[in-house]
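Chains as they are written, first to last, in this note's numbering: chain A, 74 to 187; chain B, 2 to 115.
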């Protein structure tokens with residue numbers, strides 16, 4: 074059982090380059106999320122998708138776009154990478170948008186922008 | 002801005018002792034609370050959640066919630082070196098639109114020494 078799969082695991086970009094982080098879950102979850110994790114700042118929500126066909130901004134959406142391609146897949150795009158976007162990115166999912174469900178996280182993408 | 006605060010640590014305890022991890026939150030309307038464990042270089046994994054005042058036990062772990070004082074704690078009994086990790090507290094604030102958007106603390110690093 075794969076759970077939540079993220080690709081790539083590591084990436085180095087030059088300032089101004091673009092890339093898409095991929096996320097797929099095989100648990101038939103409705104809600105999916107993108108977080109970034111920086112030292113001393115914890116996990117911060119970038120974008121989320123409560124259900125297929127919907128997306129909404131989180132706490133730190135600037136510089137990012139997302140696509141909920143179908144129920145399984147939720148991608149995060151950096152159009153013009155900046156050094157401030159150097160971080161570890163986690164995708165997560167929950168069965169429903171209800172309150173008591175914790176997240177299942179992917180293994181993360183470590184992104185460095187030089 | 003809704004906040005979740007944790008002492009960054011490290012919290013150092015001897016093997017076999019009880020480790021006590023604390024978390025405070027700012028949104029009095031918060032509904033559910035989660036503890037995640039994160040090993041270095043890995044993704045967070047859910048340990049347990051709690052949404053009612055009082056204690057909830059699961060094996061060596063006990064979560065404690067006091068909504069009036071706005072704090073959540075995690076006790077780890079019989080601590081083992083394998084418990085050495087960063088523990089993240091997450092809070093689901095008063096939901097808007099019924100969406101499950103967790104706010105994470107920056108985490109407390111626990112070190113269990115033999």
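Each residue gets a CB set at the ideal place from its N, CA and C atoms; glycine is no exception.
Exercise. Using a C-beta cutoff of 9 Å, does residue 137/A count as contacting chain B?
Worked result: Here residue 137/A is taken as the residue at index 64 of the first chain, counted from 1. Chain B contact via Cβ: absent.
For this session: Along the beta strand (DSSP E) that carries residue 29/B, what are the first and last residues, could you check?
Result: Here residue 29/B refers to the residue found at position 28 when the second chain is read from its first residue. Element bounds for residue 29/B: n/a, residue is neither H nor E.
Exercise. Just how far apart, CA to CA, sit residue 144/A and residue 125/A?
Worked result: As a first step, residue 144/A is located in the first chain; it is residue number 71 there, counting from the start. As a first step, residue 125/A is located in the first chain; it is residue number 52 there, counting from the start. Spanning the two alpha carbons is a distance of roughly 5 Å.
Problem set entry | Contact list for residue 108/B against chain A, beta-carbon separation under 8 Å | For this step, residue 108/B is matched to residue 107 along the second chain. Within 8 Å Cβ-Cβ: 115.
Exercise. Where residue 71/B and residue 25/B are concerned, what is the direct C-alpha to C-alpha distance, given to the nearest angstrom?
Worked result: Here residue 71/B corresponds to residue number 70 of the second chain, with the count starting at 1. Here residue 25/B corresponds to residue number 24 of the second chain, with the count starting at 1. Straight-line Cα distance between these residues: approximately 6 Å.
Exercise. Are there three or more Cβ pairs, one per stretch, closer than 8 Å when the stretch 2-18 of chain B is compared with the stretch 46-63 of chain B?
Worked result: no
Exercise. Is the closest heavy atom of the ligand SAM to the C-beta of residue 130/A under 8 Å?
Worked result: The ligand SAM is not part of this structure, which contains no ligands at all.
Exercise. CB-CB under 6 Å to residue 22/B, same chain, minus the five flanking residues each way: which ones, in chain order?
Worked result: Counting from one through the second chain, the residue named residue 22/B turns up at place 21. Result list for residue 22/B: 75, 88 and 109, in chain order.
Problem set entry | Contact with chain A by residue 22/B, beta-carbon distance below 9 Å | Indexing the second chain from 1 puts residue 22/B at position 21. It does not; no Cβ of chain A falls within 9 Å.
Problem set entry | Range covered by the beta strand (DSSP E) that runs through residue 114/B | In the second chain, residue 114/B corresponds to position 113, counting from 1. Looking at the DSSP string, the run of the beta strand (DSSP E) that includes residue 114/B is 109-114.
Exercise. Roughly how many whole angstroms lie between the Cα atoms of residue 131/A and residue 15/B?
Worked result: Here residue 131/A refers to the residue found at position 58 of the first chain. Here residue 15/B refers to the residue found at position 14 of the second chain. Using only the alpha carbons, I get a separation of about 40 Å.
Exercise. Beta-carbon of residue 180/A versus every beta-carbon of chain B: anything under 9 Å?
Worked result: The residue you call residue 180/A lines up with position 107 of the first chain. Cβ-Cβ to chain B under 9 Å: yes for residue 180/A.
Problem set entry | Contact list for residue 44/B against chain A, beta-carbon separation under 7 Å | Here residue 44/B corresponds to residue number 43 of the second chain, with the count starting at 1. Here the neighbours are 163, 178, 179, 180 and 181.
Exercise. What is the DSSP secondary structure of residue 84/B, reduced to helix, strand or coil?
Worked result: Position 83 of the second chain, counting from 1, holds the residue named residue 84/B. Residue state, collapsed to three classes: helix.
For this session: Would you mind sorting residue 82/A into buried or exposed? The rule is 16 or more other CB atoms within 10 Å of its CB.
Result: Translated into positions along the first chain, residue 82/A becomes position 9. Flag for residue 82/A reads exposed.
Problem set entry | chain B contact for residue 126/A (CB, 9 Å cutoff) | As a first step, residue 126/A must be located in the first chain, where it is residue number 53. Output row for residue 126/A: interface = no.
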